[in-house]
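J.: A single structure is presented below for examination.
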Ligand SMILES: [Mg+2]
Ligand SMILES: [Mg+2]
């Protein structure tokens, strides 16, 4: 809380989660016809449903399922866009345990189909946000698999990724980075 | 059941639902690196979750939410693919009540972003499957909104849509139709 009162940035997001910021950003893109990106629903295994008379069905027993894809996808200028968003409290590196094997696999499959795959990484303490292309994440993941470090250092993210300046509207303008990177 | 025993097609799908056929098809595309298409999870509003000791969280109260998009999306040769799949027991027309306003809206938004939007329609009794491009569905939807008929006649589907022959592997090869239609 102390750090927040010391903040000078006009566009501090005042405690919004990364997901909330991205939802706002995606709504902005939709309203302004810039891109169409949605967060996928949380996958749930439904076991028991009650159908009370004259009211909506109630799910009485269900379990969270492991997602088989990343969380966000959609379209920008005809191109397929696919990403995952993660934040960390760490200040010097981004732990790879935030990712799951199947998400990395899904990114590889996206790239194979010439989709645009990336991650949005936030260092929560400093509110710094980076876009890191899927190819780089896969590289760091494989380094870990081959016995290397279990995180990406902040310097590696700064060197390989792209900072996304925080804004008021949209809050995290990642499409601007994509537009430039892929000359769209 | 009687109709089924009279069937002559080798590739009759023997009672699989359209969703099962499409899941099999999408798995085939994935395994053969042809396309990456997933069905989105059913959106659920979670109200109450129990966290029993030493076991997985159990969702104890939840409700089905209206989906804000179509059911399937993904990527083929870099292009964004988005579709909804519906079947009818009708033999002479496809009722538009199978679709929801928000799905039509989502298709319009997809087309605006130069994504590829369509529907896969199955006449269950005859097991005929058609791909109808989003532009056409939107046209028939607007005709209804403007006081016209509340369905698409089978003849209109035959004239404006594209038949998808049933196969064994993949069962419903809709990507072949898309590849040709969009010269991909
Ligand atoms: Mg996630
Ligand atoms: Mg549906």
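Protein chains in written order, with the numbering used here: chain E, 4 to 187; chain G, 4 to 187. Each residue gets a CB set at the ideal place from its N, CA and C atoms; glycine is no exception.
1) Along the stretch 55-72 of chain E, where does the CB come closer than 9 Å to a CB of chain G? Name the residues.
2) With a Cβ-Cβ cutoff of 8 Å, do residue 107 (chain E) and residue 141 (chain E) count as a contact?
3) Indicate whether residue 123 (chain G) and residue 70 (chain G) have their beta-carbon atoms separated by less than 8 Å.
4) Using the Cα positions of residue 97 (chain G) and residue 156 (chain G), report the straight-line distance between them to the nearest angstrom.
5) Using the beta-carbon of each residue, which ones in chain G are nearer than 8 Å to residue 47 (chain E)?
6) Out of curiosity, what's the CA-to-CA distance linking residue 146 (chain G) and residue 152 (chain G)?
7) For residue 91 (chain E), report the span of its beta strand (DSSP E) as first-last.
8) Within 8 Å of any Cβ in chain E, is that where the Cβ of residue 28 (chain G) sits?
9) What separation, rounded to the nearest whole angstrom, lies between the Cα atoms of residue 102 (chain E) and residue 109 (chain E)?
10) Measure the Cβ-Cβ separation of residue 27 (chain E) and residue 173 (chain E) and say whether it is below 8 Å.
11) Return yes when the Cβ of residue 115 (chain E) is within less than 8 Å of the Cβ of residue 36 (chain G), no when it is not.
12) With a threshold of 6 Å on Cβ separation, who are the neighbours of residue 80 (chain E) within its own chain once the five nearest residues in sequence on each side are excluded?
13) Between which two residues does the beta strand (DSSP E) harbouring residue 53 (chain G) extend?
14) If the cut-off is 8 Å on Cβ atoms, which residues from the stretch 124-140 of chain G count as contacting chain E, listed in chain order?
15) Taking the CB atoms as reference points, tell me whether residue 167 (chain E) and residue 180 (chain E) lie closer together than 8 Å.
16) From residue 21 (chain E) to residue 49 (chain E), what distance separates their C-alpha atoms?
17) Checking contacts by CB at 8 Å: is residue 38 (chain E) closer than that to chain G?
18) At 3 residues or longer, and completely inside the stretch 107-139 of chain E: list those beta strand (DSSP E) runs for me, N to C.
19) Rounded to the nearest angstrom, what separates residue 185 (chain G) and residue 73 (chain G) at their Cα positions?
20) Against chain E, does residue 86 (chain G) count as a neighbour if the rule is that its beta carbon must be under 8 Å from one of theirs?
21) Counting pairs of beta carbons, one from the stretch 50-64 of chain E and one from the stretch 51-67 of chain G, are three or more of them closer than 8 Å?
22) Select from the stretch 102-119 of chain G all residues with a C-beta closer than 9 Å to any C-beta belonging to chain E, and list them in chain order.
23) Since I believe residue 170 (chain G) is in contact with residue 135 (chain G) (beta carbons under 8 Å), could you give me their beta-carbon distance rounded to a whole number of angstroms?
24) Who are the Cβ neighbours of residue 82 (chain G) in its own chain at under 8 Å, not counting the five residues just before and after it?
25) Starting from the C-beta of residue 76 (chain G), find all residues in its chain whose C-beta is less than 8 Å away, skip the five residues before and the five after it, and write them out in chain order.
26) Excluding the 5 residues flanking residue 51 (chain E) on each side, which residues of the same chain have their C-beta closer than 7 Å to its C-beta?
27) If we ignore side chains and look at the alpha-carbon of each, how far apart do residue 54 (chain E) and residue 67 (chain G) end up?
28) Does DSSP classify residue 42 (chain E) as helix, strand or coil?
T.: From the atom records:
1) 59, 60, 61, 62, 63, 64, 65, 66, 67, 68, 70, 71, 72
2) yes
3) no
4) 6 Å
5) Residues of chain G whose Cβ lies closer than 8 Å to the Cβ of residue 47 (chain E) are, in chain order, 44, 45, 47, 49, 62, 65.
6) 7 Å
7) 82-91
8) no
9) 11 Å
10) yes
11) yes
12) 187
13) 47-53
14) none
15) Yes.
16) C-alpha separation (whole angstroms): 28 Å.
17) Residue-level contact check: residue 38 (chain E) touches chain G, since one or more beta carbons of chain G fall below 8 Å from its beta carbon.
18) The stretch 107-139 of chain E contains these whole beta strand (DSSP E) runs: 119-126, 131-136.
19) 21 Å
20) no
21) yes
22) 109, 112, 113, 115, 116, 117, 118, 119
23) At roughly 19 Å, the Cβ-Cβ gap does not stay under 8 Å, so residue 135 (chain G) and residue 170 (chain G) are not in contact.
24) Scanning its chain for C-beta atoms nearer than 8 Å, with the 5 sequence neighbours on each side dropped, one finds around residue 82 (chain G) the residues 118, 119, 185, 187, in chain order.
25) Only 40, 41, 43, 83, 84, 85, 86 meet the Cβ criterion.
26) Here residue 51 (chain E) has 63, 64 as same chain residues with Cβ atoms under 7 Å from its own Cβ, once five neighbours each way along the sequence are excluded.
27) 12 Å
28) Residue 42 (chain E) falls in the strand class under three-state DSSP.
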